[in-house]
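Participant: End of the sequence shown sits at 204 in my numbering; the numbers just go up one at a time, nothing left out. All C-beta atoms in this analysis are idealised placements derived from N, C-alpha and C, irrespective of residue type, glycine included.
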Amino acid sequence: MRVELIILFLVSLILTSCSNDEKKSVAITQRNYPIDSFKNYSFNLVNTDYEFDMKSRKFKIDFYKFSDSIKLSRTEENKIAKVFFEKFIDTLTNDNIVVDQNEMMIMPNSGDSFYIYYKGFNKSFIRIVNGDYKNIDDLPDKEKNILLFKKNLLNILKQNPDFKRCLDTLKSVKKYDDRMFL
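#1: Excluding the 5 residues preceding and the 5 following Ile57 in the sequence, name in chain order all residues of the same chain whose CB lies nearer than 7 Å to its CB.
#2: Using 8 Å as the Cβ pair cut-off and three pairs as the minimum, do the region 137–153 and the region 111–118 touch?
#3: Taking Cβ positions, are Gly153 and Asp134 nearer each other than 8 Å?
#4: Are there three or more Cβ pairs, one per stretch, closer than 8 Å when the region 79–92 is compared with the region 187–201?
#5: Can you grab the Cα-Cα spacing for the pair Ser194 / Pro183, in whole Å?
#6: Determine the burial state of Glu26: buried for a count of at least 16 other Cβ atoms within 10 Å of its Cβ, exposed for fewer.
#7: Where does Asp200 sit, in a helix, a strand or coil, going by DSSP?
#8: Using the rule of at least 16 other Cβ atoms within 10 Å of the residue's Cβ for burial, across every protein chain shown, is Lys156 buried or exposed?
#9: Which residues bound the beta strand (DSSP E) around Val68?
#10: Would you identify the three-state DSSP class for Lys92, choosing helix, strand or coil?
#11: Determine the direct distance from the alpha carbon of Asp199 to that of Leu176, and round the result to whole angstroms.
#12: Taking the alpha-carbon positions, what's the Phe60 to Glu165 distance?
#13: Give the secondary structure of Asn177 by DSSP, where H, G and I count as helix, E and B as strand, and everything else as coil.
#14: Following the continuous alpha helix (DSSP H) through Ser185, name the residue where it begins and the one where it ends.
#15: Flag this pair as yes or no: are the beta carbons of Leu192 and Tyr72 separated by less than 8 Å?
#16: By how many angstroms is the C-alpha of Gln181 removed from the C-alpha of Ser47?
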């Protein structure tokens, strides 16, 4: 009887400790990101052909002197905020560069850049060098999150009629692009 009690005690102790470890690991992976805290953040998406400022909602095509406003619904803003926090973009600081190691880097590069601002101050800079990124799973988590943030952000924005209209304008005026890249 005594041996059974000791075994029962040990089994319950093991199960209790496993349960606590599981709760700790869940707490680490889950993040609390209220939508109101996204109001402290802003970012500019800078592409070779256009620039989109999330705070002012301005879309600009510099080589054509075109500017337009993008109206985002509350749902779109919430989706963008969710992706922003889920991909840990708020935790990035300084300069962050994502490079496909399997491709040659040609300069100047026509990749995308993000300027991240917190309460109006520059928090970080993200540069995504063009590449196929076929083996995204082989990248470090930080670089993988940056690429997934860009992909998800563009998927959300491309569903927006104002953003689509601006991209259509970009496509139609591309023939007037007389910039030379050396």
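Facilitator: The relevant details are as follows:
#1: Asn100 and Ala103
#2: yes
#3: no
#4: yes
#5: 16 Å
#6: exposed
#7: coil
#8: exposed
#9: Tyr63 to Val68
#10: With the sequence shown as reference, residue 92 is identified as Ile, and Lys is not the correct amino acid for it. Three-state result, Ile92: coil.
#11: 23 Å
#12: 21 Å
#13: helix
#14: The sequence given here places Phe at residue 185; Ser does not occur at that position. Element bounds for Phe185: Pro183 to Val195.
#15: yes
#16: At Ser47 the pLDDT is 42, less than 50, meaning the model places this residue with poor confidence and gives no usable figure here.
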